[in-house]
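Note sheet for the following structure.
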Amino acid sequence: MSFKSNFLWGGATAANQCEGGFDADGRGLANVDVMPVGPERLAIMTGHHKMLDFEENYFYPAKQAIDMYHEYKKDIALFAEMGFKVYRLSIAWTRIFPNGDELEPNEKGLLFYENLFNECHKYGIEPLVTITHFDCPMYLIKKYNGWRNRKMVGFYERLCRVLFTRYKKQVKYWLTFNEINMLFHGSFMSSGLYFDPGENELAIKYQAAHHQLVASALATKIGHEINPDNQIGCMLAGGDYYPNTCNPEDVWAAIKSNHENYFFIDVQAKGEYPYYALQELKNNNIKLDIADGDVELLKANTVDFVSFSYYSSRVAAGEKNAAEKTDGNVFASVRNPYLEVTEWGWQIDPLGFRITINQIYDRYNKPLFVVENGLGAIDTPDKNGYVADDYRIDYLRSHIQAMKDAVNEDGVDIMGYTTWGCIDLVSAGTGEMKKRYGFIYVDRDNEGNGSLKRTKKKSFDWYKKVISSNGEDL
Ligand code: P53
């Protein structure tokens, strides 16, 4: 026995990182569109450099991305050729509600995803839909202050109702918010929040978090009402923190960091605020605005499964034990001397994947879905345009092996596995194109030059074999 016979193998993308067509067929603008490539990106992402419109002399990679808006049929055919059982994608909120507060949705936007889902089903590929993958309509950010405002719950609810109803026959796997814990780290990128000098950031983040948690519980409720067969999950930016040493100060720092990471999922999976978060709010004199009925709503509408991304483990050290940090990531981590790092400084730790899987399963006892994992690397095509990406195969092989150990040796229930960026797409963290994750190479560079031509890499055939052997032939 190894992976279940109906194990969902596949790949994952996010609308703004692959679709392009930023103003096609009535689409409105979102936070994720106005993030340029360049030195300001990190401060924009975290909400400390305000850029709410396109500005001159900047390059905005999401405007065209890899143009999947027009190329999706060919791309899905390639996924089918690899044998995908599932394709994880996200809906661009502003294709459905261009401003976000309209009463009626944009039919052209709805039709785009309807056609896309049909294309998936043509090949027996099950769509796994992230309702929002970091995107928030710009109009809602400007007019209502985005997720700071309780009204967002209603706008998000309307979006969910439309999606669950329209795609009732086409989609049964849903995720409410991508990497919901990213709200604490990349506040503008993940949720459209930005901060003015002197504001109480922690209080703003927690209030916005509460609104998203309520919105997520409401989505779970409505999704189950509209179709009892719907499977609705939460989504964590995963990667457990290790203590830097066995110094109790470091162990304590790791526990605190893990608490911060698991806060959202604790609420979504267990149905109530964990003790440590309630106390942190108290300690910081933060009084959350909690409406009548919220507590009951959260309690009654926990998720069906827990999904997460895993790229790397992390390391925490007590304040007194200052240690070297790794770079290239909005998540601060101490450098782990036992691990190699990628070209972007992300630590490579397959056993950490097994550890993280076990920790999450232990904590929630719900089926798990690994919805992102992969290696961001520079690919150099040969003169025929072919990329021999053995480094990517090595990364994925060792991680799939670790996941297999978690299933076979440890007894964890895992529903499926989707690699991140199964086709090369724009990096969320850096906006670069040259940080590639795909089995399919896309001819486009950091400045937006290139033919957008698709070419299979060596890993394409490798992953096809992994899927056809249900993970036995790595
Ligand atoms: P990129 C940071 C840490 C962990 C996950 O990231 C992250 C990030 C954001 O940089 O985001 C997820 O493209 C996210 C995807 C993203 C992917 O990881 O920076 O859900 O949108 O592309 C990889 O290499």
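The numbering used here applies: residue 365 is where the sequence shown begins, and numbers increase by one. Glycine included, C-beta positions come from ideal geometry on N, C-alpha and C.
Inside the region 465-499 only - alpha helix (DSSP H) runs reaching at least 4 residues: You should have 471-486.
Segment contact flag, the region 654-661 with the region 618-630, C-beta cutoff 8 Å, min 3 pairs: Contact between the region 654-661 and the region 618-630 is absent, because fewer than three Cβ pairs lie under 8 Å.
Sequence ranges, beta strand (DSSP E) only - wholly within the region 524-565, length at least 3: Every beta strand (DSSP E) stretch that sits fully inside the region 524-565 and reaches 3 residues is listed by chain position as 537-541.
Terminal residues of the alpha helix (DSSP H) in which residue 764 lies: Counting along the chain, the alpha helix (DSSP H) containing residue 764 begins and ends at 754-772.
Counterpart residues of residue 673 in DSSP-defined beta bridges: Within the DSSP bridge table, the entry for residue 673 names 601, 736 as partners.
Selected residue, minimal CA-CA separation from residue 487, among 458, 439, 394, 468: When each option's Cα is compared against that of residue 487, the closest is 439.
Between the CA atoms of residue 451 and residue 444 - distance to the nearest angstrom: Residue 444 and residue 451 have their C-alpha atoms some 10 Å from each other.
Cβ-based burial, residue 594 [other Cβ within 10 Å; buried from 16]: Counting other Cβ atoms within 10 Å of its Cβ, residue 594 reaches 16 or more and is therefore classed as buried.
Of the listed residues 726, 537, 600, 612, nearest to residue 584 (C-alpha basis): Across the set 726, 537, 600, 612, the C-alpha of 537 shows the shortest separation from the C-alpha of residue 584.
Terminal residues of the beta strand (DSSP E) in which residue 442 lies: Segment 432-446 is the alpha helix (DSSP H) holding residue 442; no beta strand (DSSP E) there.
For residue 716, the first and last residue of its enclosing alpha helix (DSSP H): Residues 714-728.
Minimum C-alpha distance to residue 841 - residue among 493, 522, 502, 519: Residue 841 lies beyond the stretch modelled for the chain, which goes from 365 to 838, so this question has no answer here.
Distance cut-off 7 Å: residue 386 Cβ against heavy atoms of the ligand P53: Not so, every heavy atom of the ligand P53 lies at least 7 Å from the Cβ.
8 Å Cβ cutoff met for residue 788 and residue 805: It is a contact, given that the beta carbons lie within the stated cut-off.
Proximity test, residue 457 beta-carbon vs the ligand P53 heavy atom, cut-off 7 Å: No - the ligand P53 has no heavy atom lying nearer than 7 Å to the Cβ of residue 457.
Assigned secondary structure, residue 374 (DSSP; H/G/I helix, E/B strand, else coil): In the structure shown, residue 374 sits in a strand (DSSP, three-state: E or B).
Counted within 10 angstroms of its Cβ, other Cβ atoms place residue 742 as buried (16 or more) or exposed: Exposed: under 16 other Cβ atoms inside 10 Å.
Residue 547 to residue 500 span [Cα, whole Å]: Using only the alpha carbons, I get a separation of about 12 Å.
Nearest neighbour of residue 578, chosen from 473, 656, 808, 590 [CA to CA]: Comparing C-alpha distances from residue 578 to each of 473, 656, 808, 590 shows the shortest one belongs to 656.
For residue 783, the three-state DSSP class (helix, strand or coil): Here residue 783 carries a strand assignment [DSSP, helix/strand/coil].
Cβ contact (3+ pairs, closer than 8 Å) linking the region 707-725 and the region 674-684: Judged by Cβ distances under 8 Å, the region 707-725 makes contact with the region 674-684, as three or more pairs qualify.
Cβ-Cβ distance between residue 597 and residue 670 below 8 Å: Contact flag set, yes.
Residue 799 beta carbon near the ligand P53 (any heavy atom closer than 7 Å): Yes, the ligand P53 has a heavy atom inside 7 Å of this Cβ.
Cβ neighbours of residue 433 in the same chain (closer than 8 Å, five flanking residues each side left out): Cβ neighbours of residue 433 beyond the five flanking positions: 383, 384, 385, 388, 476.
Residue 457, buried or exposed, once every other Cβ within 10 Å from all chains shown has been counted against 16: If you draw a 10 Å sphere on the C-beta of residue 457, you find 16 or more other C-beta atoms in it, and that means buried.
Assigned exposure category for residue 643 - 16 Cβ within 10 Å defines buried: With fewer than 16 other Cβ atoms within 10 Å, it is exposed.
Residue range of the beta strand (DSSP E) that includes residue 453: 450-454 is the extent of the beta strand (DSSP E) around residue 453.
C-beta contact flag for residue 695 and residue 549 at 8 Å: Yes, these two residues count as a Cβ contact at 8 Å.
According to DSSP, residues forming a beta bridge with residue 578: Note: residue 578 sits in no beta bridge, so no partner.
Exposure of residue 390, with buried meaning 16 or more beta-carbon neighbours within 10 Å: Under a 10 Å Cβ-count criterion, residue 390 is classified as exposed, with fewer than 16 other Cβ atoms of the shown protein chains found around its own Cβ.
Three-way DSSP call (helix, strand, coil) for residue 609 in this model: Residue state, collapsed to three classes: coil.
Close beta carbons around residue 464, own chain, < 6 Å, minus the five adjacent residues each side: Taken in chain order, the residues that qualify are 501, 503, 504, 519.
Anticipated Cβ contact below 8 Å, residue 375 with residue 782, distance rounded: The beta carbons of residue 375 and residue 782 sit about 5 Å from each other, so the pair counts as a contact at 8 Å.
Backbone CA spacing between residue 572 and residue 751 [nearest angstrom]: Their backbone Cα atoms lie some 43 Å apart in a straight line.
Buried or exposed by the 16-neighbour rule on C-beta atoms within 10 Å, applied to residue 654: Counting Cβ neighbours within 10 Å, residue 654 comes out exposed, since fewer than 16 surround it.
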